[in-house]
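S.K.: The structure's right below; bear with me while I get my questions together.
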Amino acid sequence: MGMGLQPLLAFLVLAEGCSRALCLVLPLNGDWRTGYNNVTVELSSPVLYAVDRARASARVHAIPPECPPLRQRSVCSANQIRKTQTSFGWEFAPAFPTMGIW
């Protein structure tokens, strides 16, 4: 069974930023100490990230398509993030952009 992290997940160990994962598998082996260890996981919205990236890149040049056709009822700026594009919707499927750990 595959394991990994969704994009835009900050993985903090012992209150220090160890990694910013972008669709990568992150092994949990490292310098663990005896005693108290703190692991914090922070998730960010892939939709908001994609919109922010689209706004930032529009200052230099637009990356088409900015939004899919209305009949698709999907999310704009899906091409701004490294994520399965189908999670942003198709003509026959709803938009369910996921985030999490699997």
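Going left to right, the sequence shown walks through residues -23 to -1, 1 to 79 as mature numbering (1 follows the signal peptide of the UniProt record, and there is no 0) numbers them. Glycine residues also receive a C-beta, built at the ideal position from the N, C-alpha and C atoms. Quick caveat, the model's predicted, so the values are computed rather than measured.
So, with DSSP's three-state summary, where would you put VAL37?
M.R.: For this step, residue 37 is matched to residue 60 along the sequence shown. It is coil, neither helix nor strand.
S.K.: Between the C-alpha atoms of GLY66 and ARG50, what's the straight-line distance to the nearest angstrom?
M.R.: For the purposes of this step, residue 66 is identified with residue 89 of the sequence shown, where counting begins at 1. For the purposes of this step, residue 50 is identified with residue 73 of the sequence shown, where counting begins at 1. Rounded to whole angstroms, GLY66 to ARG50 spans 7 Å at the Cα level.
S.K.: So, with DSSP's three-state summary, where would you put THR63?
M.R.: Locating residue 63 in the sequence shown gives position 86, where the first residue counts as 1. When DSSP states are grouped into helix, strand and coil, THR63 belongs to the helix group.
S.K.: Around the Cβ of ALA39, are there at least 16 other Cβ atoms within 10 angstroms (buried) or fewer (exposed)?
M.R.: In the sequence shown, residue 39 corresponds to position 62, counting from 1. So ALA39 counts as exposed.
S.K.: State the DSSP-derived secondary structure class of ALA55, mapped to helix, strand or coil.
M.R.: Position 78 of the sequence shown, counted from the first residue, corresponds to residue 55. Here ALA55 sits in helix by DSSP.
S.K.: Within 10 angstroms of its Cβ, does PRO41 collect 16 or more other Cβ (buried), or is it exposed?
M.R.: If you number the sequence shown from 1, residue 41 lands on position 64. Label assigned to PRO41: exposed.
S.K.: Report the three-state DSSP secondary structure of residue 160 (helix, strand or coil).
M.R.: The shown model of the chain, from -23 to 79, leaves out residue 160, and the question about it has no answer.
S.K.: Using 8 Å as the threshold, is the C-beta distance between GLN57 and ARG36 below it?
M.R.: Indexing the sequence shown from 1 puts residue 57 at position 80. Indexing the sequence shown from 1 puts residue 36 at position 59. It is not a contact, given that the beta carbons lie outside the stated cut-off.
S.K.: Helix, strand or coil, according to DSSP, for ALA72 in the structure here?
M.R.: Residue mapping note: residue 72 aligns to position 95 of the sequence shown, counting from 1. In the structure shown, the three-state DSSP call for ALA72 is coil.
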